[in-house]
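Chemist: In terms of the numbering used here, the sequence shown opens at residue 197 and continues consecutively. From the three backbone atoms N, C-alpha and C, an ideal C-beta is built for every residue, glycine too. What you are looking at is a predicted structure, and each value in this text was computed from that prediction instead of being measured.
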Amino acid sequence: MTDPRHATTPADAPSGGCPAHAGAVPLYGPRFLRNPSELYREMRQEHGSVVPVVIEGDIPAWFVIDYREVRHVLSNPDVFARDSRRWNEWDNIPLDWPLMPFVGYQPSTLFTEGDEHRRRAGAISDGLFAVDQFDLRNQSERIADDLIDTFVAAGEVDLMAQFAHPLPLLAVAKIFGLPEAETPGLLRDMMTTVNGDEGALEAYQGICATMQRLVAHKREQPGPDFVTRVLNHPAGLTEDELISDLVLVMTAAQQPMAYWIGNTVRLMLTDDRFSMNISGGRRSVGQALNEVLWEDTPTQNYLGRWAARPVQLGGQQIDTGDLLVLGLAAANSDPQVRPVSEAAAGNQAMMSFSYGEHRCPIPAPELAEVICQTAVEVLLDRLPDIRPAVNVEDLKWSPSVWMRGLVSLPVSFTPSYVSV
197 MTDPRHATTP ADAPSGGCPA HAGAVPLYGP RFLRNPSELY REMRQEHGSV
247 VPVVIEGDIP AWFVIDYREV RHVLSNPDVF ARDSRRWNEW DNIPLDWPLM
297 PFVGYQPSTL FTEGDEHRRR AGAISDGLFA VDQFDLRNQS ERIADDLIDT
347 FVAAGEVDLM AQFAHPLPLL AVAKIFGLPE AETPGLLRDM MTTVNGDEGA
397 LEAYQGICAT MQRLVAHKRE QPGPDFVTRV LNHPAGLTED ELISDLVLVM
447 TAAQQPMAYW IGNTVRLMLT DDRFSMNISG GRRSVGQALN EVLWEDTPTQ
497 NYLGRWAARP VQLGGQQIDT GDLLVLGLAA ANSDPQVRPV SEAAAGNQAM
547 MSFSYGEHRC PIPAPELAEV ICQTAVEVLL DRLPDIRPAV NVEDLKWSPS
597 VWMRGLVSLP VSFTPSYVSV
């Protein structure tokens, strides 16, 4: 990753830092993790739609929490830009800052702007549009069955570790056309990277190396897969661009989908509106997936956007180079737009996949839903009496203000045996 403090900066990057916020709210800590929805309500009452906050290390930022303001920011990339080199706080950021992976400039589509972003994001979107959703569902079913086969005889399992986390990566590996011999190593490296375990940097480098080998393989043996399509796209991505964007797509897909699966299973096992229908109500899986996006969306908050010029937003003066944190979950809970529970079932207006030019590639949410819905349906079909193995109150959420998902989801069920 490029050291943003020494990288070439955009021509309109600021030279100074933004002043400390008066009465800033800490965007971290146990209170935030316990009940973020309650904290969003309090912020909205006290500060309105744009809240002065400090993130880890007491670094100042603006937290955009109302639906309309979040949408406005995401709809105006020329004003609220994506290139993190614009940040006016870089002189105060140490290289080992915990949030550096989110904001440190990298030559991937994530930080591009304007025509350059449209060129590269267009290649990704076009490659994903061609994915056959019926084939993806069949592949996801086989992956789910294979994973369940590894623990079905035990009568108990941690669904996060042995099902929700590996399944999305295995499905995306199929989309990429990754050779099966590469899959175990990629899965190991991804889990180490996502969990921040010892050796995380080496594991991330291992993911990059796997993508390099995959690109070389597809140059020699093209196939009907995403990587081949992007490789041959008229956008003409360079080798470095292609590898950076493949790593981005792979890593950006895995954890949100894992948490979407886990949060949905938790909802269906603990909420009477869903649990009473598990044994025959496949329709409720789609409803549960949608409700999770409104109530417990995996991507809670997003770093970020940087003001390209001074601007007023939600009654606050935003200076050039200021960081804006996008409160996607807070926007979903905005009482001005939040549908009542009954209406939420078919309402797709949530901010869970972001919005505007830098949203998830247009086909990605549909493909993610195919993978996650198939995973939950197969799980409930195979383990019809599945139940939580601990009290609901004892389930622990990941200690992150950026993502919302369970650390573990212990369940029990009647053991069965795999036919050979």
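1) Is it buried or exposed, residue 462, if we count other Cβ atoms within 10 angstroms and call 16 or more buried?
2) Does the distance from the C-beta atom of residue 274 to that of residue 504 stay below 9 angstroms?
3) Sort out for me which residues DSSP pairs residue 354 with in a bridge.
4) Please specify which runs of the alpha helix (DSSP H), each continuous and at least 4 residues long, are wholly inside the region 241–271, giving them in chain order.
5) Could you pull the DSSP bridge partners for residue 501 from this structure?
6) Mark residue 282 as exposed unless 16 or more other C-beta atoms lie within 10 angstroms of its C-beta, in which case mark it buried.
7) Determine contact between the region 248–268 and the region 504–523, defined as no fewer than three beta-carbon pairs at a distance below 8 angstroms.
8) Kindly give me the distance between the Cβ atoms of residue 454 and residue 361, rounded to whole angstroms, as I take these residues to be in contact under 8 angstroms.
9) Nearest-angstrom Cα distance between residue 246 and residue 341?
10) Look at the alpha carbon of residue 585 and the alpha carbon of residue 307, and state the distance between them as a whole number of angstroms.
11) Measuring straight from C-alpha to C-alpha, what distance separates residue 487 and residue 234?
12) Name the two residues that bound the continuous alpha helix (DSSP H) containing residue 463.
13) Cutting at 8 angstroms between CB atoms, please list the residues of its own chain near residue 619, excluding the five before and the five after it.
14) Roughly how many angstroms lie between the CA atoms of residue 530 and residue 459, to the nearest whole one?
15) Excluding the five sequence neighbours on either side, which residues of its own chain have a C-beta within less than 7 angstroms of the C-beta of residue 324, listed in chain order?
16) Using DSSP with H/G/I as helix, E/B as strand and the rest coil, what is residue 533?
17) Is the region 327–343 touching the region 434–452 in the sense that three or more CB pairs, one from each, lie closer than 8 angstroms?
18) Rounded to whole angstroms, what's the CA-CA distance from residue 606 to residue 591? Just pull it up for me.
19) So which of 481, 417, 231, 495 has the shortest CA-CA distance to residue 577?
20) What three-state label does DSSP hand residue 226 in the structure shown?
21) What is the DSSP secondary structure of residue 584, counted as helix, strand or coil?
22) Count the other CB atoms, across all protein chains shown, that sit within 10 Å of the CB of residue 271; report buried if there are 16 or more and exposed otherwise.
23) In terms of DSSP beta bridges, what is residue 507 paired with?
24) Going straight from the alpha carbon of residue 508 to that of residue 514, what length do you get?
25) From the DSSP output, read off the bridge partner residues of residue 493.
26) Answer with buried or exposed for residue 417, where buried requires no fewer than 16 other C-beta atoms within 10 angstroms of its C-beta.
27) Nearest by alpha-carbon distance to residue 373: which of 402, 410, 394 is it?
Modeler: Let's see:
1) Here residue 462 refers to the residue found at position 266 when the sequence shown is read from its first residue. That one is buried.
2) Start at 1 with the first residue of the sequence shown, and residue 274 comes out as number 78. Start at 1 with the first residue of the sequence shown, and residue 504 comes out as number 308. In this structure, residue 504 lies closer than 9 angstroms to residue 274 by Cβ.
3) To locate residue 354, count along the sequence shown from 1; it is residue 158. Per DSSP, the beta bridge partners of residue 354 are 606.
4) The qualifying runs are 263–271.
5) One-based indexing of the sequence shown puts residue 501 at position 305. Residue 501 is bridged to 520.
6) Position 86 of the sequence shown, counting from 1, holds the residue named residue 282. Label assigned to residue 282: buried.
7) Touching, yes, given that three or more Cβ pairs across the two stretches are closer than 8 angstroms.
8) The residue labelled residue 454 in the question sits at position 258 within the sequence shown. The residue labelled residue 361 in the question sits at position 165 within the sequence shown. At roughly 5 angstroms, the Cβ-Cβ gap stays under 8 angstroms, so residue 454 and residue 361 are in contact.
9) Reading the sequence shown from its first residue, position 50 is the one you call residue 246. Reading the sequence shown from its first residue, position 145 is the one you call residue 341. If you take the alpha carbons of residue 246 and residue 341, they lie about 46 angstroms apart.
10) Working through the sequence shown from its first residue, we reach residue 585 at position 389. Working through the sequence shown from its first residue, we reach residue 307 at position 111. Looking at the two C-alpha atoms, the distance is approximately 43 angstroms.
11) For the purposes of this step, residue 487 is taken as the residue at position 291 of the sequence shown. For the purposes of this step, residue 234 is taken as the residue at position 38 of the sequence shown. Rounded to whole angstroms, residue 487 and residue 234 show a C-alpha spacing of 18 angstroms.
12) Indexing the sequence shown from 1 puts residue 463 at position 267. Taken as a continuous stretch (DSSP letters only), the alpha helix (DSSP H) holding residue 463 covers 435–466.
13) In the structure as shown, the chain starts at 197 and stops at 616, and residue 619 therefore has no counterpart that could be examined.
14) Counting from one through the sequence shown, the residue named residue 530 turns up at place 334. Counting from one through the sequence shown, the residue named residue 459 turns up at place 263. For the pair residue 530 and residue 459, the Cα-to-Cα distance works out to about 21 angstroms.
15) For the purposes of this step, residue 324 is identified with residue 128 of the sequence shown, where counting begins at 1. If we look at residue 324 and ignore the five residues flanking it on each side, its Cβ neighbours are 422, 557, 559, 560, 563.
16) Here residue 533 refers to the residue found at position 337 of the sequence shown. In the structure shown, residue 533 falls within a coil segment according to DSSP collapsed to helix, strand and coil.
17) Below 8 angstroms, too few C-beta pairs join the region 434–452 and the region 327–343 to call them touching: fewer than three.
18) As a working mapping, residue 606 is identified with position 410 in the sequence shown. As a working mapping, residue 591 is identified with position 395 in the sequence shown. When rounded, the distance between both Cα atoms is 9 angstroms.
19) Residue numbering aside, residue 577 sits at position 381 when the sequence shown is read from its first letter. The alpha carbon of residue 577 has as its nearest neighbour, out of 481, 417, 231, 495, the alpha carbon of 481.
20) Taking the sequence shown and counting its residues from 1, the one referred to as residue 226 is at position 30. Note: residue 226 maps to helix in three-state DSSP.
21) Indexing the sequence shown from 1 puts residue 584 at position 388. Here residue 584 sits in strand by DSSP.
22) What you label residue 271 is simply residue 75 of the sequence shown in a count that begins at 1. Only exposed fits residue 271, as fewer than 16 other CB atoms lie within 10 angstroms of its CB.
23) What you label residue 507 is simply residue 311 of the sequence shown in a count that begins at 1. Residue 507 is bridged to 514.
24) Residue numbering aside, residue 508 sits at position 312 when the sequence shown is read from its first letter. Residue numbering aside, residue 514 sits at position 318 when the sequence shown is read from its first letter. In a straight line, the C-alpha of residue 508 is about 6 angstroms away from that of residue 514.
25) Taking the first residue of the sequence shown as position 1, residue 493 is located at position 297. Beta-bridge pairing links residue 493 to no other residue.
26) Within the sequence shown, the letter at position 221 stands for residue 417. Around the beta carbon of residue 417, fewer than 16 other beta carbons sit within 10 angstroms, so the residue counts as exposed.
27) Start at 1 with the first residue of the sequence shown, and residue 373 comes out as number 177. For residue 373, the nearest C-alpha among the options comes from 410.
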